[in-house]
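> Got a structure for you, questions after.
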Amino acid sequence: MEAACSHCGAQHSLKDAEVNKHPKVKFRCSKCGESTVVETKRRVDQTMVISPLPSFARANASSSNLRLAPEDPDLKLPVRSSVVLTVTSGPGKGQTFTLAKPRVILGRQGSDVALNDPEISRHHCVLEVRENYINLKDMDSTNGTFMDEERVRAAMLQNGSEFRVGTSVIRVNFLPK
Numbered sequence: 018m019e020a021a022c023s024h025c026g027a028q029h030s031l032k033d034a035e036v037n038k039h040p041k042v043k044f045r046c047s048k049c050g051e052s053t054v055v056e057t058k059r060r061v062d063q064t065m066v067i068s069p070l071p072s073f074a075r076a077n078a079s080s081s082n083l084r085l086a087p088e089d090p091d092l093k094l095p096v097r098s099s100v101v102l103t104v105t106s107g108p109g110k111g112q113t114f115t116l117a118k119p120r121v122i123l124g125r126q127g128s129d130v131a132l133n134d135p136e137i138s139r140h141h142c143v144l145e146v147r148e149n150y151i152n153l154k155d156m157d158s159t160n161g162t163f164m165d166e167e168r169v170r171a172a173m174l175q176n177g178s179e180f181r182v183g184t185s186v187i188r189v190n191f192l193p194k
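Rendered as structure tokens:
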């Protein structure tokens, strides 16, 4: 298990065999000497980092010719609600985007949802709407996509979920029409 010191941020490798026996583990940082407590048991609803990148989340965003998997014909916008993305912090704070199609690419210029944030890749992540949730897939972005300050390659977003790309935090809402 990888853990960071809560005081100086130094990374430490803890032995899984010893750590997994306990719900919480306390360790002393070899860099600053301070103690840090980490939880070892994951919550069922906690974001999980998937590595290596699974095939369903792979995309080559380095060229203008994106090679996305073909769009699933089952992707449809909800009938009774609108899917709205709201930028809650970052350069575009206050901006809202109502999705007009079930699969959009979020990034800077040339994307379906374009944000003016220099820390975001041109094609940063893809959002696929499925009834009452959204599949988020990072497109090998330079600075990553985060949920609860944990880098994710893929995640499921529900009403009220927030994620971060670059310095922008975005909230997903399913609003009644």
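Each residue of the sequence shown is one higher than the last, beginning at 18 in the numbering used here.
Every residue gets a Cβ at the ideal spot worked out from N, C-alpha and C, and that includes glycine.
Are the region 172-180 and the region 126-138 touching, with three or more C-beta to C-beta distances below 8 Å?
Taking 8 Å as the limit for Cβ pairs, the verdict is that the region 126-138 does not touch the region 172-180.
> Between which two residues does the beta strand (DSSP E) harbouring Asp155 extend?
By 1-based counting over the sequence shown, the position of residue 155 is 138. 150-155 is the extent of the beta strand (DSSP E) around Asp155.
> Enumerate in chain order the residues of its own chain whose CB-to-CB distance from Val55 is below 6 Å, with the five nearest sequence positions on each side excluded.
Your numbering for residue 55 matches position 38 in the sequence shown. Here the set comprises Ala20, Val42.
> Suppose the cutoff is 8 Å on Cβ atoms and the five residues either side in sequence are ignored; what does the same chain contact list for Cys25 look like?
As a position in the sequence shown, residue 25 is number 8, starting the count at 1. Answer for Cys25: Cys46, Lys48, Cys49, Glu51, listed in chain order.
> Let me check understanding here. Comparing Cα to Cα, which of Ala86, Leu102, Glu136 lies closest to Ser178?
Sequence index remark: in the sequence shown, residue 178 carries index 161 (1-based). Checked all of Ala86, Leu102, Glu136; the closest Cα to Ser178 is Leu102.
> Starting from the Cα of Gly127, find the closest Cα among Pro119, Cys142, Thr115, Thr113 and give me that residue.
Residue 127 sits at position 110 when you count from the first residue of the sequence shown. Of the listed residues, the one whose Cα sits closest to Gly127 is Cys142.
> Helix, strand or coil for Glu88? Go by DSSP, reduced to three states.
Within the sequence shown, the letter at position 71 stands for residue 88. DSSP places Glu88 in coil when its eight states are reduced to three.
> According to DSSP, is Ala117 part of a helix, a strand, or is it coil?
Here residue 117 is taken as the residue at index 100 of the sequence shown, counted from 1. Coil at Ala117, not helix or strand.
> Please report how far the alpha carbon of Asn77 lies from the alpha carbon of Leu85, in whole angstroms.
To locate residue 77, count along the sequence shown from 1; it is residue 60. To locate residue 85, count along the sequence shown from 1; it is residue 68. For Asn77, the predicted structure reports a pLDDT of 45, less than 50, and the residue's modelled location is therefore unreliable. A value from the coordinates is still provided. Looking at the two C-alpha atoms, the distance is approximately 8 Å.
> For Gln28, I'd like the list of residues in its chain whose CB is within less than 7 Å of its CB, leaving aside the five on either flank, ordered along the chain.
Position 11 of the sequence shown, counting from 1, holds the residue named residue 28. The answer, listed in chain order, is Glu19, Ala21.
> Can you check whether the CB of Phe191 is closer than 8 Å to the CB of Ser98?
The count along the sequence shown starts at 1 and reaches residue 98 at position 81. The count along the sequence shown starts at 1 and reaches residue 191 at position 174. Taking 8 Å as the Cβ cut-off, Ser98 and Phe191 qualify as a contacting pair.
> Grouping DSSP H, G and I as helix and E and B as strand, with all else coil, what is Ala78?
For the purposes of this step, residue 78 is identified with residue 61 of the sequence shown, where counting begins at 1. In this prediction, Ala78 scores a pLDDT of 40, lower than 50, which makes its location untrustworthy; no coordinate-derived value is stated.
> Relative to the alpha-carbon of Pro95, which residue among Val169, Ala117, Arg168, Glu35 has its alpha-carbon at the smallest distance?
Here the question's residue 95 lines up with position 78 in the sequence shown. Among Val169, Ala117, Arg168, Glu35, the Cα nearest to that of Pro95 belongs to Ala117.
> Grab the span of the beta strand (DSSP E) containing Ala172 for me, first residue to last.
Against the sequence shown, residue 172 aligns to sequence position 155. Note, Ala172: beta strand (DSSP E), 171-174.
> For Pro193, which of Val100, Phe44, Ser30 has the nearest alpha-carbon?
The residue labelled residue 193 in the question sits at position 176 within the sequence shown. Comparing Cα positions, the closest option is Val100.
> Using the beta-carbon count (16 or more within 10 Å), is Gly183 buried or exposed?
Numbered from 1 along the sequence shown, position 166 holds the residue referred to as residue 183. Gly183 comes out buried.
> Strictly by DSSP, which residues pair up with Gly124?
By one-based count along the sequence shown, residue 124 stands at place 107. Partner(s): Ala131, His140.
> Beta-carbon within less than 7 Å of Ser80's beta-carbon, same chain only, minus the 5 sequence neighbours each way: which residues are those?
Taking the first residue of the sequence shown as 1, we reach residue 80 at position 63. At Ser80, the pLDDT of 39 sits below 50, so the modelled position is not reliable; the number obtained from the coordinates is stated separately. Correct list: empty, nothing qualifies.
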